[in-house]
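Notes follow once the structure below has been shown.
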Amino acid sequence: MPDDPKLTPATSAEIAASLAFALRYDGRRQHRRADALMAEIVADHLVKHLERSGFVLMKRPVDYRAPDFYGRQSDQ
């Protein structure tokens, strides 16, 4: 497990949403309509399998600071 103390366990809903998004989109381009439903079904099955297998996925807290002109995070 990483040493980053800010990591928290991701919820099943967050994991499913992230997997479904990855299955529905290829970069910025959306796949066909039927693919959206299939992506949600597949994501739910993957989450259930990961939970049964004992996996724990961690996530960083959301950083709401806007990047500056050069893409760096501001300290304010």
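When we follow the numbering used here, the leftmost residue of the sequence shown carries the number 1321, and every step to the right adds one.
We treat Cβ as the ideally placed atom computed from N, Cα and C, and that holds for glycine.
Subject >> Backbone CA spacing between residue 1363 and residue 1328 [nearest angstrom] >> reply: CA-CA distance, residue 1363 to residue 1328, rounds to 21 Å.
Subject >> Inter-residue spacing [alpha-carbon to alpha-carbon] between residue 1321 and residue 1384 >> reply: Bear in mind that the predicted position of residue 1321 carries a pLDDT of just 49, short of 50, making it unreliable; the figure below should be weighed with that in mind. So the two alpha carbons sit approximately 25 Å from each other.
Original post:
Apart from the five residues on each side of it in sequence, which residues of its chain come closer than 8 Å, Cβ to Cβ, to residue 1367?
Top reply: Answer for residue 1367: 1332, 1335, 1336 and 1339, listed in chain order.
Subject >> CB contact below 8 Å: residue 1349 versus chain C >> reply: Here there is only one protein chain, and chain C is not present.
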